[in-house]
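Trainee: At position 37 of the sequence shown (counting the first as 1) the number is 1187 in this note's numbering, and the numbers step up by one without a gap. Just passing along the structure, written as structure tokens.
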Amino acid sequence: MNRVVSGPRRLVVTGAGSGIGRATAALATARGWTVAGLDLAEAEGPVPSVPLVPCDITDEDSVREAFRQVDSLWDGQAPHALVHCAGVYRFKPATLTSAADWDAVVNLNARGSLLVAAAAAERMTASSGEGGSVVLLSSIAASRGDAGEPSAAYSASKGAVEALTRQLAVEWGPYKIRCNAVAPGVIDTPMTTVSHNPEAFEQVLRRIPAGRLGTAEEVARVCLFLASEESAYVSGTVIAVDGGQGAS
Ligand SMILES: NC(=O)c1ccc[n+]([C@@H]2O[C@H](COP(=O)([O-])OP(=O)(O)OC[C@H]3O[C@@H](n4cnc5c(N)ncnc54)[C@H](O)[C@@H]3O)[C@@H](O)[C@H]2O)c1
């Protein structure tokens, strides 16, 4: 049976000031979604028509307060979907990774995913049985090691995001909340510095069957597919958006 969806769809996008989050907010707005963006107060490039709510996803109180502000923006109506793009990458060989380095990256990427997803799900479960869709951002680093620009903390954090995705899909399935992850390869965003290093760039390109980096909008399209009812029977899975790199 097709679920009939009426009215504007409400989407929360974290990391909406840059890269994939910004592209997701822009594309969703162009497609008629009502979007609220969350990002650090000092975030630089939010989409002009999307309200940007300040939020530090490493801080539980800040996440709570940001979602309260979204409640106010939408008169208490729950989001239909969350695309959680806020994240951080730090190049650091394993032997140079301190406990503090590990905590900074793993807490932001893994713990932050839980805090934001739980805040969204809390509202979705209260939304008279409508449920919703949670989309987390993993990375090709969750499934492949990187000799060129390694970051053990980053890889581990994204492995945790994928495990979390499966757990939340099972735990929240009874509330009609789906949870999936998108695992980008190398995407041309401010997070990716490799494109400024010609030698490293050539090496990376050789590993990508598509022969180029991905764009933020190419990832955004898949995020919105998972956020929308187009993917109504998809949950607990990870979709790679990597130009075939994971297969090479
Ligand atoms: N760009 C890539 O090649 C790539 C590859 C694989 C996975 N990813 C993942 O995709 C997601 C988006 O990456 P991107 O390339 O758009 O990065 P980006 O650096 O362009 O944007 C990240 C956003 O997260 C926000 N942010 C950082 N710390 C935050 C915090 N504590 N609280 C709230 N917001 C915070 C930043 O302000 C920024 O707006 C990340 O999870 C990243 O790990 C990116």
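Even for Gly, the Cβ is constructed at its ideal location relative to N, Cα and C.
(1) Check the C-beta distance from E1379 over to K1326 and give it rounded, since I have them as a contact under 8 Å.
(2) Please report the Cβ distance between L1256 and L1286, rounded to the nearest whole angstrom; I am assuming they are in contact, meaning their Cβ atoms lie under 8 Å.
(3) If you measure from the CB of A1366, is any heavy atom of ligand 3 nearer than 7 Å?
(4) Taking contact to mean at least 3 C-beta pairs separated by less than 8 Å, is the stretch 1247-1261 in contact with the stretch 1302-1309?
(5) Within the present structure, is the beta-carbon of V1185 separated from the nearest heavy atom of ligand 1 by less than 7 Å?
(6) Keeping to the same chain, check which residues put their C-beta closer than 8 Å to that of S1381; ignore five residues upstream and five downstream.
(7) Quick one: grab the DSSP three-state call for D1189.
(8) Which runs of the beta strand (DSSP E) fall wholly inside the stretch 1207-1235 and span at least 3 residues, in chain order?
(9) Could you tell me whether any non-hydrogen atom of ligand 1 is closer than 7 Å to the CB of S1301?
(10) Return yes when at least one heavy atom of ligand 1 lies under 7 Å from the C-beta of V1197, else no.
(11) Could you please give the first and the last residue of the uninterrupted beta strand (DSSP E) stretch that includes A1390?
(12) According to DSSP, is A1382 helix, strand or coil?
(13) Using only alpha-carbon positions, find the residue among E1192, G1323 and L1161 that is nearest to T1179.
(14) Considering only residues of the same chain and omitting the five flanking positions on each side of A1228, which have a CB-CB separation below 6 Å?
(15) Within the same chain, show all residues whose beta-carbon is closer than 6 Å to that of I1389, passing over the 5 residues directly before and after it, in chain order.
(16) Would A1176 be called buried (16 or more neighbouring beta carbons within 10 Å of its own) or exposed?
(17) Just the C-alpha distance for E1321 and L1265, rounded to the nearest angstrom, thanks.
(18) For K1308, which residues from the same chain have a beta carbon less than 6 Å from its beta carbon, with the 5 sequence-adjacent residues on both sides left out?
(19) How about A1269 and F1351: do their beta carbons lie closer than 8 Å?
Mentor: Reading from the atomic positions:
(1) Numbered from 1 along the sequence shown, position 229 holds the residue referred to as residue 1379. Numbered from 1 along the sequence shown, position 176 holds the residue referred to as residue 1326. Not quite, the Cβ-Cβ distance comes to about 11 Å (not below 8 Å), so this is no contact.
(2) The residue labelled residue 1256 in the question sits at position 106 within the sequence shown. The residue labelled residue 1286 in the question sits at position 136 within the sequence shown. The displayed chain sequence assigns Val, not Leu, to residue 1256. For V1256 against L1286, the beta-carbon gap comes to about 14 Å, at or over 8 Å, which does not count as contact.
(3) Among the ligands in the structure shown, ligand 3 does not appear; only ligand 1 can be found there.
(4) The stretch 1247-1261, when compared against the stretch 1302-1309, does touch it at the 8 Å Cβ threshold.
(5) Stepping through the sequence shown from its first residue, residue 1185 is reached at position 35. With a cut-off of 7 Å, the C-beta of V1185 is classified as distant from ligand 1, since no heavy atom of the ligand falls inside that distance.
(6) Working through the sequence shown from its first residue, we reach residue 1381 at position 231. Excluding sequence neighbours, S1381 sits near S1283, R1328, N1330 and F1375.
(7) Here residue 1189 corresponds to residue number 39 of the sequence shown, with the count starting at 1. D1189: strand per DSSP, three-state reduction.
(8) With a minimum length of 3 residues, the continuous beta strand (DSSP E) runs that stay inside the stretch 1207-1235 are 1231-1234.
(9) Translated into positions along the sequence shown, residue 1301 becomes position 151. Incorrect: S1301 has no Cβ contact closer than 7 Å to ligand 1.
(10) For the purposes of this step, residue 1197 is taken as the residue at position 47 of the sequence shown. Outside the cutoff, so no.
(11) Against the sequence shown, residue 1390 aligns to sequence position 240. Taken as a continuous stretch (DSSP letters only), the beta strand (DSSP E) holding A1390 covers V1388 to V1391.
(12) One-based indexing of the sequence shown puts residue 1382 at position 232. A1382 falls in the coil class under three-state DSSP.
(13) Looking up residue 1179 in the sequence shown gives position 29. The shortest C-alpha to C-alpha distance from T1179 to any of E1192, G1323 and L1161 is the one to L1161.
(14) Numbered from its first residue, the sequence shown carries residue 1228 at position 78. Counting only residues of its own chain and dropping the five nearest sequence neighbours on each side, A1228 has a CB closer than 6 Å to the CB of R1273, M1274 and S1277.
(15) Within the sequence shown, the letter at position 239 stands for residue 1389. Only residues of its own chain outside the window of five on either side were considered, and among them V1332 and V1372 have a CB closer than 6 Å to the CB of I1389, listed in chain order.
(16) By 1-based counting over the sequence shown, the position of residue 1176 is 26. Buried, by the Cβ-count rule.
(17) Looking up residue 1321 in the sequence shown gives position 171. Looking up residue 1265 in the sequence shown gives position 115. Rounded to the nearest whole angstrom, the C-alpha separation of E1321 and L1265 is 15 Å.
(18) Translated into the one-based positions of the sequence shown, residue 1308 becomes position 158. Closer than 6 Å at the Cβ level, and outside the excluded window around K1308, lie S1288, S1289, A1291 and A1292.
(19) Start at 1 with the first residue of the sequence shown, and residue 1269 comes out as number 119. Start at 1 with the first residue of the sequence shown, and residue 1351 comes out as number 201. No, the pair does not count as a contact, with Cβ atoms beyond the cut-off.
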